[in-house]
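Read through the structure below, which is laid out as structure tokens, and then see the notes.
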Amino acid sequence: MKTPPAQLDKTTFGFWLYLMTDCVLFASLFATFAVLRANTAGGPSGKDIFDLPFVLTETVLLLTSSFTSGMALLAARAKVHKQVFFWLSATFLLGAAFLFMEMREFTHIVSEGHGWRMSAFLSSFFTLVGTHGAHIAVGLIWMFVMMFRFSASKISANDLRRLTLFTMFWHFLDIVWIFIFTIVYMFGALS
Amino acid sequence: MLGKLTLDAFKHGPIVTVGQISMVLGALSVVGLLFYLKRWKWLWREWITTVDPKKIGVMYIVVALVMLLRSLSDAAMMRAQQAISVGSNHGFLSSDHFQQVFTAHGTMMIFFVAMGLMFGLINLIVPLQIGARDVAFPFLNATSFWLYAMGAVLLNLSLMVGEIGATGWLAYPPLSELAYSPGVGVDYWIWSIQIAGIGSLLSGVNFLVTILKLRRAGMTLMKMPMFVWSVLGSMVLVVVAFPILTATLAMLALDRSLGMHFFTANAGGNPMMYINLIWAWGHPEVYILILPAFGIFSEVVATFSKKRLFGYAYMVWAIIAIVFLSFVVWLHHFFTMGAGANVNAFFGIMTMVIAVPTGIKVFNWIFTMYRGRVQFTTPMLWFLSFVLTFTIGGVAGVLMAVPAIDFQVHNSLFLVAHFHNMIIGGVVFGYFAGLTYWFPKIFGFKLNERFGRYAFWCWSVGFLLAFIPLYILGMMGATRRLDHYDASLGWQGLFIVAGVGVMVILAGVGFQVLQLIVSIMQRDKNRDKTGDPWDGRTLEWSTASPVPVYNFATLDPVTERDVFWSQKQQKQAAKIQYEDIHIPRNTPIGFLIAVSALLFGFAVIWEIVWLNVVAVLCIIGLVMYRTLDDNTEYVLTAQEVKALETKGAKA
């Protein structure tokens, strides 16, 4: 079935509003992190556990995936079927690599004995960064389903709409990550 | 296998057992009735799988009214306890049980009664008032409703299996942390509100898009009915405030379930952070509830005064001002935190400032009545009582906005009296007015006026009897959550008066139940055949009552405010041209998602890991299934619409 423009319009606007609610959710977590970051309760501070080059690599992976997702959308708009699949696959792989690295970082910190039970700082760190990671995981599932759609049939208006919403979601997560990188990791490692 | 869940969770004292038995009997009688009348298929096809906002609205209101009855009995128990628990008499509730009842009462009234009535009325009326055929996202709307309903189920489940927290309606840490509340009560509280809250958040997005994108051609923002404006303000607040609640509850849940230290008293946790966050949501929440009530009064007063609403533009700006200001007053809930004189002064002044737009509204309603042809119908009576009680509550609120005074009455019954003045006198009276006013639009017949009047008098008198004594008691130093006090304090007389007041309110509720029964029995006498029983002004009265599934057969452009009123004055017969109408198909997916969410909540509360995994997989699968389904609408052809319309006109 063809999606009329008004439908596309309200769906995009609705999804945009949802992203803004997500933004407020992250803002609450950021505020809590800012209040609790100094409360290490005898445990390690950010300086002791953050590995900046490692996190920078993660950042580069995620930013690149944002670029490839944009390319996927451009290809879909131009109806170049094969390219959509290619760019989406690239986005998926980059996102998965990011998530894998983040999990490595988490397991590393926990295995050194600095789990989330240790201090308010670690609780808020794991929650803020983990919430972003959970969003990335949802994005990966979303991409996985869409890749099947784009490999199986031709691009319908609904598929294009889904891809548009997905790229909005993915760029949004990118922006959140930039804040995490700056406020959590850079300020944490430097102060 | 079943986590922490053991047989002990089912063992309770005699009073809870009575509650359980009545709940089981109620549920059994509903099930029995469904079997007896063979209505299971009807229930599934017409209600559970529906995506029609008109039916969803009715379901919201049914759930909210059931919860109102349960929560009122909690209130009656607390007042009875306080009336007799003096000196050597310790009443019939243990301290722990009293605190649980206290938590249940507040939680239910705000999250499940007030929010339910609000979203019910919004679902029923907003699409009609903006002249639309549906909401922006009908499926999401059904999902939101079922999340709300399952939140209510989970909260009621706490009475059957386990307990509810003894921590008050906002579960302040560190009391609500595992160290001081080791039972499952706080977990029940967290997850029932979390599930319902996510439903509210999604509804907020849905109605914001509906109002901004789906208005009838020609209805510019400044031509919208005032109820729609008030809902717009309220939904903006939902979208900005509810994510804070989601995050805060999630952090408290992480503290309790994974041993984190956000709000604990040790390991660097900061309980005041919770209290700041919860009120950054909680204060806007007050306005989320009251703004639609303001909107209802605006409609009711204009209709029954036979006049245009006085000062429309001022009303709009007052709403916008309230939306902004409601985010800069949250600290007045805890002036005693010790934030310092300057911070307290800022929030105190802001609190006084927010009273100004509210005052403007009250004056505008009174000026609307001035020189109007006022009809004193039941909705109008609720309005008049609102003006009295809301003004008393408002004055008390401005008093408490002075930090120095607030230090004296903080957490006392003075505060309890104040916010009940706002929430019963403001929100509840407003929604009662709305229910009476729009009842014929929804069901096709008017409510009985006589019993409505009786109910009104009982509620109004009972309310004053029940809460004016609390102001005095608060001044005398009585704190909230008080389950016992010393005889020498001399408080008992006033507590007895308050208890009598609650009984009068209960009589009012009895009259409301009677009103409903009598109205249904006499429905043929009070049937609304025109679709416009009150000589209304706005678009919802231009279509038939009850409203057809497509709301409006034709979508004539809107040219001015109160467009239906001016159409009636000009008596122009429009040429009707029918068209095909797309209608969303019914689907059980929203219901199933909410059931999975309920199972998820239950599994977290009792630490049943496998059920957690199953529930999450179910939710992912259901969402995937739905988003990949392209066949979600059917078409009602122009001929079918015409047949339905002409049949309606003949009958």
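These protein sequence lines map, in sequence, to chains G and B. Counting in the numbering used here, the first sequence runs from -10 upward without gaps. Counting in the numbering used here, the second sequence runs from 28 upward without gaps. The C-beta atom is built at its ideal place from N, Cα and C for all residues, glycine as well.
Item	Value
Of all the beta strand (DSSP E) runs that stay within the bounds of the stretch 45 to 129 of chain B, which reach a length of 3 or more residues?	none
Please report the distance separating the alpha-carbon of B:L492 from that of B:V188.	36 Å
Against chain G, with Cβ distances strictly below 8 Å, would B:Y661 count as a contact?	no
Nearest-angstrom Cα distance between G:T29 and G:F43?	23 Å
Taking the straight line between their C-alpha atoms, what separation do you get for B:F234 and G:K36?	46 Å
With B:I646 as the anchor, note down where its alpha helix (DSSP H) starts and where it stops.	V636 to T654
From the DSSP output, in three-state form, read off B:L500 for me.	helix
Would you tell me roughly how many angstroms separate the C-alpha atoms of G:A86 and G:S54, rounded to the nearest one?	10 Å
For the candidate residues B:T673, B:V436 and B:G212, whose alpha-carbon lies nearest to that of B:Q695?	This structure leaves residue 695 of chain B out entirely; chain B is present only between 28 and 678.
With a cut-off of 8 Å, does the C-beta of G:M9 fall near any C-beta of chain B?	yes
Which runs of the alpha helix (DSSP H), 4 residues or longer, sit entirely within the stretch 262 to 304 of chain B?	none
With 16 as the cutoff for other CB atoms within 10 Å, does B:V51 come out buried or exposed?	exposed
Just tell me which of B:M177, B:T130, B:G245 and B:I220 has its CA closest to the CA of B:G192.	B:T130
Just grab the DSSP bridge partners of B:Y512 for me.	B:V113
Ordered along the chain, which non-local residues of its own chain (more than five positions away) have a Cβ less than 8 Å from that of B:W308?	A268, F269, I271, L272 and T275
Any C-beta of chain G sitting closer than 8 Å to the C-beta of B:F164?	yes
With DSSP as the reference, identify every bridge partner of B:T506, one or two as the case may be.	B:S439
In terms of residue numbering, what span does the alpha helix (DSSP H) encompassing G:H70 cover?	H70 to S100
Taking the Cβ atom as the reference point for each residue, do B:L151 and B:I469 lie within a distance shorter than 8 Å?	yes
Give the interface partners of G:W166 over in chain B, defined as CB-CB distance under 8 Å, in chain order.	Result: empty, since nearest Cβ-Cβ is about 18 Å, beyond 8 Å.
Grab the span of the alpha helix (DSSP H) containing G:L51 for me, first residue to last.	L41 to R66
With DSSP collapsed to three states, give me the class of B:H609.	strand
G:V49: which of G:F19, G:I164 and G:S108 sits nearest, CA to CA?	G:I164
Can you pull out the residues from the stretch 572 to 583 of chain B whose beta carbon lies closer than 7 Å to at least one beta carbon of chain G?	none
For B:D123, which residues of its own chain have a beta-carbon under 8 Å away from its beta-carbon, when the five flanking residues on both sides are left out?	A193
Would a check of beta-carbon distances place G:F155 closer than 8 Å to chain B?	no
Establish whether the CB of B:T33 and some CB of chain G are separated by less than 8 Å.	no
Helix, strand or coil for B:V662 per DSSP?	strand
Around the Cβ of B:K388, are there at least 16 other Cβ atoms within 10 angstroms (buried) or fewer (exposed)?	buried
Could you tell me whether the Cβ of B:H360 comes closer than 8 Å to any Cβ of chain G?	no
Find the residues of chain G that neighbour B:A274, judging by a C-beta separation of less than 7 Å, and give them in chain order.	L14, S17 and L18
Taking all protein chains shown into account, decide if G:R93 is buried (16 or more other Cβ within 10 angstroms of its Cβ) or exposed.	exposed
Using alpha carbons as the reference points, say which of B:V443, B:G479, B:I532 and B:Y481 lies closest to B:I499.	B:V443
Quick one: give me the first and last residue of the alpha helix (DSSP H) that B:V236 is part of.	G212 to K240
Which of the three DSSP states is assigned to B:F164 in this structure?	coil
In chain B, which residues lie less than 9 Å from G:A30 when you measure between Cβ atoms?	H288, N293, A294, G295 and G296
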